[in-house]
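Going line by line, the protein sequences match chains A and B. Each step along the first sequence adds one to the number in the working numbering, with nothing skipped, and position 119 is 119. Each step along the second sequence adds one to the number in the working numbering, with nothing skipped, and position 228 is 228. C-beta atoms are modelled at their ideal positions from N, C-alpha and C, and glycine is treated no differently. Every value quoted in this text rests on a predicted model; they were computed, and no experiment measured them.
There are 2 protein chains.
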Amino acid sequence: MSAPSIRARVRAEMIDEIKAAARRHLATDGANLSLRAVARDMGMVSSAIYRYFPSRDDLLTALILEAYDALGDAVETADATAARHDLRGRWHAVSRAARDWALAHPAEYALLYGSPVPGYAAPDDTILPAQRPPVTLVGILRDGLADGRLAAPDDELPEPVRADLAEIAASLFPGLPESLLARGMAGWTQLFGLISFELFGRVAGAIPHRDAYFDHQTGLMADLIGLPR
Amino acid sequence: MSAPSIRARVRAEMIDEIKAAARRHLATDGANLSLRAVARDMGMVSSAIYRYFPSRDDLLTALILEAYDALGDAVETADATAARHDLRGRWHAVSRAARDWALAHPAEYALLYGSPVPGYAAPDDTILPAQRPPVTLVGILRDGLADGRLAAPDDELPEPVRADLAEIAASLFPGLPESLLARGMAGWTQLFGLISFELFGRVAGAIPHRDAYFDHQTGLMADLIGLPR
DNA sequence: ACTAAGCGAGAGCACTGCTCTCGTTGTTGC
DNA sequence: GCAACAACGAGAGCAGTGCTCTCGCTTAGT
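Okay, structure coming up:
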């Protein structure tokens, strides 16, 4: 007697296979995933897919969740691999990890950070995994502050901004000064823009040496934050 | 005798009406524009649209071109309205103009800066209008440098980065130091990320005071660039 | 052993982009 | 002024989509 029945195991395997096939289609055909094509790939008829996913959007949601997790893993692993006190090294490692993952999985990145699908509303399950990359980035600042290797800039924030950031800090980074959080978020925002520009084809051929450009751009944000060289 | 024949005039009006109807649909139904729905709105049958646009993608391209122009106009007008020597004021005015336009035309913004449609390749006509916002931003730096109100940072760029930026500067901003161009592009990248995050629903309810947050974030990039307060 | 649930196939609905044909209507050359 | 021609709108049709419903078959639980 197996705790998960045979049927349940087969079902789990089917779900995985469907997701795998869907991911394959996503990579080749782009964002507009065809449920029927996925079904064809598995030698099934389209209606059979509905035994496993109530709708196409639910399939997409499953893929999005997995993609968030994959990106989160990549980013956190890169952060953990770098020497803990080398703040700038960690910043670059995390940035590069995010970019590398995006370049390796462009369609999934577009799913996460591209224009939202009209009818589609991301469920709450996505909130936490979506926070992992920015939390990892700002975590570097938190560590630097604790080590004394990083000082909080003493710029004065407008009160509403300070209050909003204080709320975020309270729930995610207790004790982190709002001014530092603000700069960290600026860095995360620029990182996202940098990757999106490169991936979505703006910038085009204007910058042949993309790797070096990317590192320099993220380095500029490290400067803004005050990460020691 | 009218230089443009009646037929030609009617045709031009029809094209405009189709684009207007399409824009209306874009605003309500989101990115997946239905040619048939547009045709229905005009009391036509879908095949009649093909007399004016060879395909749905060509209709989208026309909308994209107009959107780029609208955004470019908004941005350049904002820049021209601010006092020429008030570099920081211009920076904020341009940033806000871009954001305001995006918030007022979210679907069109998504068309321009969202994930690219799989089969769709942006024609070369879009390159120039697409450059207008970043060119406007960096133009502020160019003016500041000419006025002596802004100094080029003397950070040393890796040679490949310097070379790539030098090429861009040569064609768009002759004489602009590469280091300044790099920081300007960082600002543009962050601005795009900022608007996209807000528009595409990340950040969600985390930041209630969006206007103030936006201004502060763009102000941080102005700091990085060195725009005088 | 019997019942109930899970499953895959198939038909069908409403929708999509796009093509082709067929009359009609406006434009232009003679 | 009229004939030839091009532009036009309607309609039918094709291949594709997401999704629903029904029908048998297989497996699981009692």
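Whether residue i touches residue j by CB criterion (8 Å)
i, j, result
"residue 89(A)", "residue 150(A)", "no"
"residue 224(A)", "residue 144(A)", "no"
"residue 211(A)", "residue 136(A)", "no"
"residue 182(A)", "residue 85(B)", "no"
"residue 113(B)", "residue 173(B)", "no"
"residue 72(A)", "residue 123(A)", "no"
"residue 45(B)", "residue 18(B)", "no"
"residue 99(A)", "residue 195(A)", "yes"
"residue 75(A)", "residue 48(A)", "no"
"residue 206(A)", "residue 168(B)", "yes"
"residue 152(B)", "residue 220(A)", "no"
"residue 33(A)", "residue 26(A)", "yes"
"residue 155(B)", "residue 209(A)", "no"
"residue 158(B)", "residue 201(A)", "no"
8 Å CB neighbourhood of residue i in its chain, flanking five on each side removed
i, result
"residue 126(A)", "61, 64, 65 and 68"
"residue 166(A)", "178"
"residue 271(A)", "In the structure as shown, chain A starts at 1 and stops at 229, and residue 271(A) therefore has no counterpart that could be examined."
"residue 199(B)", "102, 103, 106, 109 and 110"
"residue 24(B)", "41"
"residue 131(B)", "172"
"residue 5(A)", "none"
Own chain, CB closer than 7 Å to residue i, minus 5 neighbours either side, in chain order
i, result
"residue 9(A)", "none"
"residue 1(A)", "Residue confidence for residue 1(A) is low, a pLDDT of 42 falling below 50, so the modelled location carries little weight; the figure read from the coordinates is stated next. Hits under 7 Å: none found."
"residue 222(A)", "88 and 91"
"residue 142(B)", "173 and 176"
"residue 21(A)", "38, 41 and 42"
"residue 229(A)", "88"
"residue 30(B)", "107"
"residue 57(B)", "120"
"residue 147(A)", "85"
"residue 95(B)", "191 and 218"
"residue 51(B)", "none"
"residue 184(A)", "137, 138, 141 and 225"
Nonlocal neighbours in the same chain, by C-beta distance under 6 Å from residue i, ignoring five residues either side
i, result
"residue 11(A)", "none"
"residue 93(B)", "78 and 82"
"residue 213(A)", "207"
"residue 190(B)", "221"
"residue 129(B)", "68, 69 and 72"
"residue 53(A)", "59"
"residue 180(A)", "141 and 152"
"residue 188(B)", "134 and 137"
Residue i Cβ short of 7 Å to the ligand GTP heavy atom set
i, result
"residue 94(B)", "With respect to small molecules bound, the structure shown includes none, and the ligand GTP cannot be examined in it."
Discussion item. To be precise: take each residue of the region 146-167 of chain A, compare its Cβ to all Cβ atoms of chain B, and keep it if any distance is under 7 Å. Which residues remain?
Written reply: 157, 158, 160, 161 and 164
Worksheet item: Between the region 176-191 of chain B and chain A, which residues of the former have CB atoms less than 9 Å from a CB of the latter, in chain order?
Response: 182, 183, 185, 186, 187, 188, 189, 190 and 191
Worksheet item: If you measure beta-carbon to beta-carbon, which residues of the region 218-229 of chain B are closer than 8 Å to chain A?
Response: 220, 221, 223 and 224
Discussion item. Please identify, using Cβ separations under 8 Å, the residues of the region 128-143 of chain B that lie next to chain A, in order along the chain.
Written reply: 130
Worksheet item: In chain order, what residues of the region 90-111 of chain A put their CB closer than 7 Å to some CB of chain B?
Response: 110
Practice prompt. Quick one: which residues of the region 57-89 of chain B get their C-beta closer than 9 Å to a C-beta of chain A? List them in chain order.
Written response: none
Fill in: Near-chain B residues of the region 32-48 of chain A (beta-carbon distance less than 7 Å), N- to C-terminal order
32
Worksheet item: Which residues, taken in chain order from the region 12-27 of chain B, show a beta carbon closer than 7 Å to some beta carbon of chain A?
Response: none
Fill in: Members of the region 194-214 of chain B near chain A, C-beta cut-off 8 Å
194, 196, 197, 200, 201, 202, 204, 206, 207, 208, 209, 212 and 213
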